[in-house]
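Data first, discussion second: the structure below is written as structure tokens.
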Amino acid sequence: MGDTNISDYSEHPAASDRIEQVLGVFERFMNGMMSSHAPEFADIGVTMAQAKVLYVLAAAEALRMSELAMRLGVSTSTASGAVDRLVDLGLIERRADPSDRRQVFVAVTPAGADVLERMRELNTRQMRDLLVRLTPDGLAAVERAITVLSQAAGVDASRADQTPEGEPT
5 MGDTNISDYS EHPAASDRIE QVLGVFERFM NGMMSSHAPE FADIGVTMAQ AKVLYVLAAA
65 EALRMSELAM RLGVSTSTAS GAVDRLVDLG LIERRADPSD RRQVFVAVTP AGADVLERMR
125 ELNTRQMRDL LVRLTPDGLA AVERAITVLS QAAGVDASRA DQTPEGEPT
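Following the numbering used here, the numbering of the sequence shown begins with 5 at its first residue and continues without gaps.
Okay, structure coming up:
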């Protein structure tokens, strides 16, 4: 498996079938992971939709409500409802835009950052629990796969000084 240029492979006639096969394997893997670890995630106390809002805001630091809605792919009123619930939980806060009082920014609070950190720690622990079961060849295959996916996403996975969002620590 060499360093195939992704755009070249995507035009190959069999690529679509192969992509669907990989997606099926991935979906079965994720379903198995979710079902076995759902109780642990439930203990964190946020829904998946709320976690998504937290991740989007943490990656951006602060967003206007309209920008948050666009990034989530929902209406502004839907985003506003999600924000209301997260504000009530103390996980995000609203901030007035000093240049335009009609505009509001939303950002993750320290409590929201703690929730995200707990989720990251849980994900890392779960991944570690899987990786210890692999042979050295299996570990090398997983490392290679993650490297290839990182390259496709434009992420430098070789840098140890990056957080999961790709921001330097």
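C-beta atoms are modelled at their ideal positions from N, C-alpha and C, and glycine is treated no differently.
Please report the Cβ distance between residue i and residue j, rounded to the nearest whole angstrom; I am assuming they are in contact, meaning their Cβ atoms lie under 8 angstroms.
i, j, result
"Thr80", "Ser70", "6 angstroms"
"Pro86", "Val57", "Reading off the sequence, residue 86 comes out as Ala, not Pro. Confirmed, about 5 angstroms."
"Gln54", "Leu90", "6 angstroms"
Per DSSP, which one or two residues make a beta bridge with residue i?
i, result
"Leu67", "Val110"
"Leu118", "Inspection of the sequence shows that residue 118 is occupied by Asp rather than by Leu. According to DSSP, which records beta bridges pairwise, Asp118 is partnered with nothing at all."
"Asp21", "Asp21 pairs with nothing; no bridge assigned."
"Asp160", "Paired residue(s): none; Asp160 is not in a bridge."
"Asp104", "Asp101"
Could you give the first and the last residue of the continuous alpha helix (DSSP H) run that contains residue i?
i, result
"Arg148", "Pro140 to Ala157"
"Asp101", "Not the alpha helix (DSSP H): Asp101 falls in the beta strand (DSSP E), residues Ile96 to Asp101."
"Ser81", "Thr80 to Asp92"
Note down, in chain order, each residue of its chain lying with its Cβ closer than 7 angstroms to the Cβ of residue i, except the 5 sequence neighbours on either side.
i, result
"Ala111", "Leu61, Glu65, Ala66, Ile96, Glu97 and Arg99"
"Glu171", "With a pLDDT of 43 at Glu171, under the threshold of 50, the modelled position of this residue cannot be trusted, and the question is left open."
"Gln107", "Arg68 and Asp101"
"Phe30", "none"
"Ala115", "Gly94 and Leu95"
"Ile48", "Val119, Arg122 and Met123"
Less than 8 angstroms between C-beta atoms, sequence neighbours within five positions excluded: which residues of the same chain meet that for residue i?
i, result
"Val146", "Leu135 and Leu138"
"Thr113", "Gly94, Leu95, Ile96 and Glu97"
Less than 6 angstroms between C-beta atoms, sequence neighbours within five positions excluded: which residues of the same chain meet that for residue i?
i, result
"Val120", "Correcting the residue identity first, residue 120 is Leu in this sequence and not Val. Excluding residues within five positions, the ones whose Cβ falls inside 6 angstroms are Leu58 and Ala62."
"Asp21", "none"
"Asn127", "none"
"Arg154", "The displayed chain sequence assigns Ser, not Arg, to residue 154. Counting only Cβ-Cβ distances below 6 angstroms, and skipping sequence neighbours, we find Ala161."
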